[in-house]
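Novice: Here's a structure for you.
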Amino acid sequence: MSDIFRDYSFGGWLRTYRKEKKVGLREMARAIDKDASFYCKIEKSELNPPANRKTLEMLTKPLDLHKSQFEFLLSLAYQHHLSKLQERFK
């Protein structure tokens, strides 16, 4: 995928890592015992990223991510939730 069109959100990176591992969306959803539409909504950023490390671990376990990839996703998730919290106090 061209960098011009890359989705730099949490969901976009999660999709990139899933595709790099050649794991299908339905296969991924089955592996985490979730509905495919749930997983698709996370990748499309229609649902918020996980709010804690344990949930993110469950969500990404089938991808066997490198530690740096996992930490990067974790930081994106935290940034998302921090920005939502900051909006509430404006």
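Take 0 as the starting number for the sequence shown in numbering that gives the first Met the number 0 and just add one per residue.
Note that the Cβ used here is the ideal one computed from N, Cα and C, for glycine as well.
Computed from a predicted structure; not experimentally measured.
From G11 to L58, what distance separates their C-alpha atoms?
Specialist: 14 angstroms
Novice: Report the option in R87, S74, L62 and K83 whose CA atom is closest to the CA atom of R14.
Specialist: Taking R14 as reference, the option from R87, S74, L62 and K83 with the minimal CA-CA separation is L62.
Novice: Taking a contact to mean a Cβ-Cβ separation below 8 angstroms, would you say P49 touches L75 in this structure?
Specialist: no
Novice: State the DSSP-derived secondary structure class of H80, mapped to helix, strand or coil.
Specialist: helix
Novice: I'd like the list of long-range same chain contacts for L72, defined as Cβ closer than 7 angstroms, with 5 residues on each side in sequence excluded.
Specialist: F9, W12, L13, L55 and T59
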